[in-house]
């Protein structure tokens with residue numbers, strides 16, 4: 604009987620140790636700034652202590668908040684930055700006393716019938732105003748190294764509700780609802796230098 608109790612305690616201790624020492628999975632999708640963490644035994648959830656770049660370039664650039672310096676403000680301990688190519692992983696420990704993080708970079712989800720959205724690509728020349736449409740090209744009309752895409756909610760709102768800046772030579776993926784319908788359009792916004 605004591606052997607069973609001792610064996611059960613040992614197995615429980617090993618399982619607890621393996622869960623507490625297991626790496627947390629921190630995932631980014633190329634082109635999305637939101638990082639999602641999966642802690643062993645818990646559901647995946649978005650976090651505010653890590654973020655990703657919004658460029659669609661085949662690399663997720665993670666920015667992870669350091670902790671453990673006992674300062675009161677958010678981010679006051681600084682940040683660590685890590686680059687991970689799409690479909691790759693990297694294990695890091697940004698905080699000495701914190702958990703290991705398995706950084707994972709996923710490719711952007713293709714927009715097709717399975718994902719219930721329409722795909723639209725807008726290519727904009729820096730400094731050139733495009734036609735009035737959702738994702739209208741360079742609203743600021745200045746050749747300043749970035750294109751400003753405008754979203755107006757034309758059918759319902761009729762005015763500018765959001766603008767998205769994309770640096771020259773880069774692309775960014777954004778999803779916008781199609782009001783008054785209950786559908787989504789995934790825009791790939793690309794900015795090129797004007798000739």
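Residue numbers (the working numbering): 604 to 798. Ideal Cβ placement from N, Cα and C applies to all residues, glycine included. Note that the structure is a prediction, hence the values are computed from the model and not measured.
Distance check between residue 634 and each of 669, 797, 796 and 773 places 773 closest, using alpha-carbon atoms only. For residue 667, the enclosing beta strand (DSSP E) starts and ends at 662-668. Between the segment 647-664 and the segment 731-738, the count of C-beta pairs closer than 8 angstroms stays below three; the two stretches do not touch. Rounded to the nearest whole angstrom, the C-alpha separation of residue 627 and residue 755 is 39 angstroms. For residue 650, the CB contacts under 6 angstroms within the same chain, skipping 5 residues up- and downstream, are 638 and 640 in chain order.
Between residue 768 and the set 788, 700 and 792, the nearest pair of CA atoms involves 792. Around the beta-carbon of residue 751, 16 or more other beta-carbon atoms lie within 10 Å, marking it buried. Taking all protein chains shown into account, residue 796 has fewer than 16 neighbouring C-beta atoms within 10 Å of its C-beta and is therefore exposed. With a threshold of 16 other beta carbon atoms within 10 Å, residue 789 meets it and is buried. Rounded to the nearest whole angstrom, the CA to CA distance from residue 670 to residue 724 is 40 angstroms. About 7 angstroms separates the Cβ atoms of residue 653 and residue 666, confirming a contact at the 8 angstroms cut-off. In terms of Cβ geometry, residue 730 and residue 739 do not form a close pair [threshold 9 angstroms]. Taking C-beta separations shorter than 8 angstroms and ignoring five residues to either side along the sequence, the partners of residue 727 in its chain run 733, 740, 741, 750, 752, 769, 792, 793, 794 and 795, following chain order. Pairing residue 625 with residue 697 gives a Cβ-Cβ distance that is not under 9 angstroms.
For residue 687, the enclosing beta strand (DSSP E) has its first and last residue at 682-688.
Only residues of its own chain outside the window of five on either side were considered, and among them 729, 730 and 797 have a CB closer than 7 angstroms to the CB of residue 746, listed in chain order.
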